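Worksheet for the structure shown next.
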Amino acid sequence: MKRFEGKTLRWDWRDSIVELTLDHVPANEIGTETLADLEKFAAAIPALAPETAACIISSARKQGFSAGADLRQLFRGAEPLSEKERLAGVRQFLERIHSVLNAIDAAPFVTIAAVHGVCFGGGFELALACDIIIADKMARFAFPELRLGLIPGFGGIPRLKRDLGNAFVRDLLLTGRSVNAARAQAVSLVAQLTAEGEALKIARSTAAQIAKFDAVTRAAAKKFIKPIPHEELRREIDLFCELFTRPAVMAALKKFVESTDAMPYLP
């Protein structure tokens with residue numbers, strides 16, 4: 005499937021490059037609809053792979069790359085359920101999103117996140133599944149989950165630990181604060197820093213450079229340098245589910261949902 009138009013995203017294949025564009029009002033929150041569309045992309049990877057050198061993931065929303073998980077949907081779906089039902093539902097959702105992000109992580113072609121604006125929570129975790137992050141100077145990255153009594157649940161902690169030093173990981177996780185693109189580049193989270201609005205343009209030129217090289221060697225190099233931390237990812241799901249059942253978490257989610265702030269997840 006070289007072209008797809010879903011409810012929350014679309015992708016198009018041209019000259020060995022796939023461009024996947026997130027486009028879900030208001031800020032590309034990842035809920036059940038986005039997950040379903042991402043699952044379609046994950047299912048298409050084996051068919052795309054033989055003719056694809058790179059995939060660029062970007063956003064059409066001016067607010068940024070992605071504000072993270074759709075917490076309002078998560079709370080409204082969980083609130084009327086029993087504790088056992090909540091746990092089963094959240095675990096199923098996490099298993100599905102982990103399967104998608106693992107597929108993107110392991111894709112034999114190179115994946116590039118072209119980031120602008122907010123890149124928080126689950127959106128940050130989607131970017132971390134990519135091989136290269138290219139960000140414009142106005143991009144910001146954060147794991148705000150501790151504000152709700154949770155940890156990142158889409159695989160962010162193991163992937164960030166894989167790529168960066170533990171001091172930065174702990175600072176980002178335990179404070180919930182956002183960091184700007186310049187600091188993200190300084191710690192090697194961001195591979196290339198661009199002028200405002202230029203991330204997609206630079207991602208396209210980077211993808212064109214990648215396309216010049218041998219596909220077998222490229223895939224072998226990626227697999228060697230980027231092992232997927234499967235055991236830690238499974239442990240993350242267990243810990244998230246353990247924390248999610250606490251009354252304090254539901255209370256924090258309720259407060260978030262009832263907030264009148266335009267973007268209450270902003271640090």
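Residue numbers (our numbering): 5 to 271.
Just so you know, even glycine gets a beta-carbon here, dropped at the ideal spot from N, CA and C.
Since this is a predicted model, take the numbers as computed values, not measurements.
Inter-residue Cα distance where the pair is residue i and residue j
i: Ile155; j: Trp17; result: 35 Å
i: Arg7; j: Arg14; result: 8 Å
i: Gly169; j: Gly157; result: 20 Å
i: Cys123; j: Ala186; result: 14 Å
i: Ile101; j: Ala199; result: 31 Å
i: Ala117; j: Val253; result: 30 Å
i: Lys230; j: Pro112; result: 11 Å
i: Glu37; j: Ile60; result: 20 Å
i: Ala92; j: Glu240; result: 15 Å
i: His120; j: Gly10; result: 22 Å
i: Arg65; j: Cys134; result: 19 Å
i: Val94; j: Cys245; result: 7 Å
i: Ile232; j: Ala207; result: 23 Å
i: Thr179; j: Glu87; result: 28 Å
Assigned secondary structure, residue i (DSSP; H/G/I helix, E/B strand, else coil)
i: Leu197; result: strand
i: Val191; result: coil
i: Ile232; result: coil
i: Thr38; result: helix
i: Arg7; result: strand
i: His146; result: The question names His, but residue 146 in the sequence shown is Ala. It is a strand residue.
i: Arg65; result: coil
i: Ser20; result: coil
i: Gly121; result: strand
i: Ala57; result: coil
i: Leu130; result: helix
i: Leu13; result: strand
Residue environment, residue i, which counts as buried when at least 16 other CB atoms sit within 10 Å
i: Leu85; result: exposed
i: Asp19; result: exposed
i: Phe97; result: buried
i: Phe172; result: buried
i: Thr115; result: buried
i: Thr264; result: exposed
Segment limits, alpha helix (DSSP H) that includes residue i
i: Ser103; result: Glu87 to Ala110
i: Thr221; result: Ala219 to Ile229
i: Phe113; result: It is not in any alpha helix (DSSP H) - Phe113 carries neither H nor E in the DSSP assignment.
i: Arg4; result: The chain is shown only over 5 to 271; residue 4 falls outside these bounds and no answer can be derived.
i: Ala256; result: Pro251 to Glu262
Residue range of the beta strand (DSSP E) that includes residue i
i: Ser209; result: Per DSSP, Ser209 belongs to no beta strand (DSSP E); it is in the alpha helix (DSSP H), Ala203 to Ile214.
i: Ala139; result: Ile136 to Asp140
So within the segment 156-182, which uninterrupted alpha helix (DSSP H) runs reach at least 4 residues, ignoring any that extend past its ends? 160-167 and 170-179
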